[in-house]
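If you count the sequence shown from 1, you need to add 2 to reach our numbering.
Positions of the beta carbon are idealized from the N, C-alpha and C atoms, including for glycine.
Since this is a predicted model, take the numbers as computed values, not measurements.
Step one of this worksheet: look at the structure below.
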Amino acid sequence: MTAPACAATAAKIAAIRTYFERLTASDMAGVLALFAPGATVTSPYLGTLPATAFFTSLDQASAQNRLTVFDVLLGEKGDSGAAHFEYDWTLASGDRIVFEGVDYFRFAAAADADAGDAAAKTRFTSLSIFYDTHPAREQVGDKYQRT
Numbered sequence: 003m004t005a006p007a008c009a010a011t012a013a014k015i016a017a018i019r020t021y022f023e024r025l026t027a028s029d030m031a032g033v034l035a036l037f038a039p040g041a042t043v044t045s046p047y048l049g050t051l052p053a054t055a056f057f058t059s060l061d062q063a064s065a066q067n068r069l070t071v072f073d074v075l076l077g078e079k080g081d082s083g084a085a086h087f088e089y090d091w092t093l094a095s096g097d098r099i100v101f102e103g104v105d106y107f108r109f110a111a112a113a114d115a116d117a118g119d120a121a122a123k124t125r126f127t128s129l130s131i132f133y134d135t136h137p138a139r140e141q142v143g144d145k146y147q148r149t
């Protein structure tokens with residue numbers, strides 16, 4: 003692997019780890035700064051939403067986020083990555099859920115990135131969240147239920 007390829011790989015891994023650090027800190031503005039304009043998030047509870055709408059809902063539903071990343075992997079083509087994590091989540095209601103999941107990230111294509119913006123190549127265009135919702139639904143019901 004060439005030096006630029008190694009640097010690009012390291013930057014993408016760092017972006018994924020930064021996402022989890024900012025989410026743990028409840029820094030939603032910082033989380034959103036990691037996403038490209040028009041990015042989407044697909045979650046088991048909410049379906050596919052613009053990233054801004056998803057993280058607004060998450061912020062409103064949460065009292066505390068504590069995430070532990072076990073592993074970060076990059077796709078063979080370098081345009082995707084995945085992280086295995088544990089989410090220790092305290093809801094605004096005070097209920098607590100702990101589960102493991104996998105987040106799958108797609109990165110902005112190099113051709114779409116602004117040449118003057120090095121960070122654009124590490125911005126996420128989409129995030130798909132995978133976890134078993136059954137235990138969470140049994141513990142606290144539908145945490146996003148609108149009243």
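Shortest alpha-carbon distance to residue i belongs to which of the options?
| i | options | result |
| --- | --- | --- |
| Ala13 | Glu140, Phe126, Thr135, Phe57 | Phe126 |
| Glu23 | Thr70, Ala38, Ser59 | Thr70 |
| Ala2 | Ala85, His136, Gln62 | Since the first and last residues shown for the chain are 3 and 149, residue 2 lies out of range. |
| Leu129 | Ala110, Ala138, Ala122, Thr135 | Ala110 |
| Gly49 | Ala138, Phe72, Asp73, Phe132 | Phe132 |
| Val74 | Gly103, Ala41, Phe57, Ala53 | Gly103 |
| Arg1 | Ala10, Ala38, Arg68, Arg19 | This structure gives no information on residue 1, because the portion of the chain shown stretches from 3 to 149. |
| Gly2 | Arg108, Ala41, Gln66, Arg19 | Outside the shown range of the chain (3 to 149) lies residue 2, about which nothing can therefore be said. |
| Phe37 | Thr26, Ser45, Pro52 | Pro52 |
| Ser28 | Thr58, Ile15, Ser45, Lys79 | Thr58 |
| Lys136 | Tyr106, Ala122, Phe101 | Note that residue 136 is His in the sequence shown here, rather than Lys. It is Phe101 whose Cα lies nearest to the Cα of His136. |
| Ser64 | Ala122, Leu34, Arg19, Thr26 | Thr26 |
| Asp20 | Thr11, Cys8, Val33 | Asp is not the amino acid found at residue 20; the sequence shown has Thr there. Nearest of Thr11, Cys8, Val33 to Thr20, Cα basis: Val33. |
For residue i, list the residues DSSP reports as bridge partners.
| i | result |
| --- | --- |
| Asp105 | Ala85, Ile131 |
| Thr160 | The structure shown does not extend to residue 160, since the chain is modelled only from 3 to 149, so the question has no answer here. |
Quick one: what does DSSP say residue i is sitting in, helix, strand or coil?
| i | result |
| --- | --- |
| Ser95 | coil |
| Ala65 | strand |
For the stretch 4 to 63, list the alpha helix (DSSP H) runs that are entirely contained and at least 4 residues long, ordered along the chain. 5 to 26, 30 to 34, 53 to 63
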